[in-house]
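Below you'll find the structure, written out as structure tokens, and then a few comments.
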Amino acid sequence: MNLSTMLAARAAKGQPVRVGLIGAGKFGSMILAQAKHIEGYHVVGIADLDPAKARDSLARVHWAEDRYGAASLSQAFEDGTTHITEDAAALCAFEGIDCIIEATGHPIAGIRHALAAIDGGKHVVMVNVEADVLAGPVIAERARAQGVVYSMAYGDQPAAICELVDWVHASGFELVAAGKGMNFCPSYRYSTPDTVWGYFGWSDEEVAAGDFNPKMYNSFTDGTKAAIEMAAVANATGLDCPGDGLAFPPSGLQDLAEVFKPRSEGGQLEKSGIVDIAASREPDGRVVMNNIQYGMFVTFRAPDAYTRACFQQYGLLTDKSGWYGSMWRPFHLIGLETSVSVLSAVLRGEPTGTSSRWRADAVATAKGDFVAGDYLDGEGGFKVWAKAIPAARSVAENALPIGLAHHVRLKRDIKRDQIVTLDDVDIVDDLDIFAMREDQKRLMDS
């Protein structure tokens, strides 16, 4: 509760928190928008494969040109400005940086950047949930061994869910479920980059004027991002995924405690202790009243009759029995809030959520019938969506993780809604990532 006070004390000593950002897309732009308003928070360098795009992002969020004109990281460190580079490795190795924010969205690159930063003695804030769900538990283990923090990004929904889960445990309630809201109904599952903007209701002019990536927004729409994020939350909290993937039951905030409790108690969960999504639309497309499309929630149970009575006395929204309650946060502001994670890592040595075990996986699942010789196109594309399943099932079925499903060739035909396996595809590179995944099996039951 005192990060700003701690930062002010450090800034008064002439010791700003120094940050390196990898990736200047939408999330990175939002990080940069707020960074210039936080005294004692210095973005030393920005790495992007397209430096011109990084400069465009800085201009879009109203940075003055002289603030990002440093000719080197050393100059930026000395005079308080920012250096733009294509070289992420240099950013990870530069001694003057305390924390690296990885915001590329590319799972393989994200893993390699995180490992380089950790080896360079840097804390890592992993915006890139795609990388985290692929190998986060072993990355976090490596960070702990190096004495640095590996953290989810505050402002993004997984970190906010972890905060709510921590609140439940710290308050002594029984955690039943955790999740987030989402604009979803079953037909959205088969959205493509060609159809996605219709689900948002944006005009061609609005899309053209913004920094919007159709594959990224399609991942939001078809449920892939939800699977990735909920699997990451499971790995951070010890919750499970439903056995056959997220169910997306529709629910408004007034019904969270009724819906997100076990079926044995009249709810819609297969069991207690799982993650899932509160859909903001009914299966027929109607909007759910008081939906939490942009929010995050937990449901929990009173441990005894006295606490149950207190739930009623203080107006907590509960189920009909009064034993189950819900708490939620209505909004998240993604990169606008990510400085909280950086400051928590640097000033407190604490992550805002971290993958500490391998409980869940996000695996590639066919959007249609495809034949041998076709190429999969990864997250947010035309060919696959991601299903969040228990890690034990993923291993047993030899499932292809969504993070490794980009530009891989099918060896045999697959059917719509079939989980794609490693036996279905040709794997020709990224073998270091597969080795990490094999090693990660150690952490399945910890």
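With the working numbering, you'll find the sequence shown wraps up at 538, consecutive numbering, no jumps. The beta-carbon is built from N, C-alpha and C at its ideal position, and this holds for glycine as well. The structure displayed is predicted, hence computed values, not measured ones.
Enclosing alpha helix (DSSP H) for residue i [first to last residue]
i	result
Arg400	397 to 405
Val438	Note, Val438: premise wrong, no alpha helix (DSSP H); not H, not E.
Asp325	The sequence shown places Val at residue 325, rather than the Asp named in the question. First-last of the alpha helix (DSSP H) with Val325: 316 to 329.
Asp148	143 to 152
Gly120	118 to 127
Cys184	180 to 185
Residues bridged to residue i [DSSP beta-bridge criterion]
i	result
Trp477	Thr457
Thr284	DSSP, once it has assigned bridges, lists no residue as partnering Thr284.
Thr410	Gly417
Ala223	In DSSP, Ala223 forms no bridge with anything.
His498	Asp469
Val111	Val135, Cys191
Asp248	Tyr246
Phe462	Ile506
Pro354	Leu361
Lys214	For Lys214, which the question treats as bridged, DSSP gives no partner whatsoever.
Ala237	Answer is none; Ala237 lacks a bridge partner.
His452	The sequence shown places Ala at residue 452, rather than the His named in the question. Answer is Pro482, bridged to Ala452.
Met528	DSSP lists no partner for Met528.
Lys272	Ile369, Met388
Closest Cα partner of residue i within the set the options
i	options	result
Lys533	Val217, Trp450, Asp248, Ile369	Trp450
Lys479	Ile369, Tyr386, Glu297, Val351	Ile369
Val380	Leu468, Tyr309, Ala371	Ala371
Leu361	Ala339, Arg373, Asn382	Ala339
Asp347	Gly337, Gly359, Arg355	Gly359
Ala506	Ala483, Ala464, Val500, Asp531	The residue asked about is misnamed: residue 506 is Ile in this sequence, not Ala. The candidate whose alpha carbon is nearest that of Ile506 is Ala464.
Glu357	Pro395, Ser413, Gly344, Ala397	Ser413
Ala185	Val136, Ala162, Ile200	Val136
Ala163	Arg501, His175, Gly188, Trp155	His175
Gln126	Ala262, Tyr242, Ile426	Ile426
Val351	Glu321, Asp515, Phe392, Gly337	Phe392
Arg421	Leu345, Ala144, Arg378	Leu345
Val240	Ala206, Phe462, Val299, Met122	Ala206
Leu226	Pro285, Arg204, Asp211	Arg204
Ala208	Ala300, Ile231, Val288	Ile231
Tyr280	Val455, Asn220, Thr313, Tyr309	Thr313
Reduced DSSP secondary structure (H/G/I, E/B, other) of residue i
i	result
Ile138	strand
Ile253	helix
Thr513	strand
Glu359	The identity of residue 359 in the sequence shown is Gly, whereas the question assumes Glu. Coil.
Leu267	strand
Phe304	coil
Thr97	helix
Asp336	coil
Pro493	strand
Asp258	helix
Asp518	strand
Gly427	helix
Lys533	helix
Pro342	strand
Ile231	helix
Gly445	coil
Ser295	coil
Thr196	coil
Ser164	coil
Ala156	coil
Pro422	coil
Gly106	coil
First and last residue of the uninterrupted beta strand (DSSP E) at residue i
i	result
Phe389	388 to 393
Asp376	Looking at the DSSP string, Asp376 is not in any beta strand (DSSP E), and its letter there is neither H nor E.
Ser555	The structure shown does not extend to residue 555, since the chain spans only 93 to 538, so no value can be given for it.
Asp469	467 to 469
Met381	Looking at the DSSP string, Met381 is not in any beta strand (DSSP E), and its letter there is neither H nor E.
Val367	366 to 371
His205	Where His205 is concerned, there is no enclosing beta strand (DSSP E), although the alpha helix (DSSP H) it sits in stretches over 199 to 211.
Glu174	Residue identity differs from the one stated: residue 174 is Thr in this sequence, not Glu. Taken as a continuous stretch (DSSP letters only), Thr174 belongs to no beta strand (DSSP E), as it is neither H nor E.
Any non-hydrogen atom of the ligand FMN closer than 7 Å to residue i Cβ
i	result
Val219	The ligand FMN is not among the ligands present in this structure, which contains no ligands whatsoever.
**Report entry** the region 447 to 462 in contact with the region 325 to 332 per 3-pair CB rule at 8 Å
**Finding:** As far as the Cβ criterion goes, the region 447 to 462 touches the region 325 to 332, which means the pair count is three or higher.
Q | Validate contact between the region 463 to 470 and the region 239 to 247 using beta carbons, cut 8 Å, 3 pairs | A | No contact exists between the region 463 to 470 and the region 239 to 247.
Pair every Cβ in the region 179 to 192 with every Cβ in the region 280 to 298, then say whether three or more of these pairs are closer than 8 Å.
-> Because the criterion of three Cβ pairs below 8 Å is not met, the region 179 to 192 and the region 280 to 298 do not touch.
TODO: Decide yes or no for the touch test of the region 124 to 143 against the region 102 to 115: beta carbon pairs closer than 8 Å, at least 3 of them.
DONE: Taking a cut-off of 8 Å for Cβ pairs, the region 124 to 143 and the region 102 to 115 touch, as three or more such pairs fall below it.
Fill in: contact_flag[the region 269 to 276, the region 382 to 401] where n(CB pairs < 8 Å) is 3 or more
Cβ pair count under 8 Å is three or more, so yes.
Decide yes or no for the touch test of the region 256 to 271 against the region 221 to 237: beta carbon pairs closer than 8 Å, at least 3 of them. Segment contact: the region 256 to 271 against the region 221 to 237, fewer than three CB-CB distances shorter than 8 Å; contact not assigned.
ask   = Touching or not, the region 492 to 501 and the region 427 to 446, by the rule of three or more beta carbon pairs under 8 Å?
value = As far as the Cβ criterion goes, the region 492 to 501 does not touch the region 427 to 446, which means the pair count is below three.
*Should the region 211 to 224 be regarded as contacting the region 401 to 415, the criterion being three or more beta carbon pairs within less than 8 Å?*
Three or more Cβ pairs closer than 8 Å define a contact, and the region 211 to 224 falls short of that threshold against the region 401 to 415.
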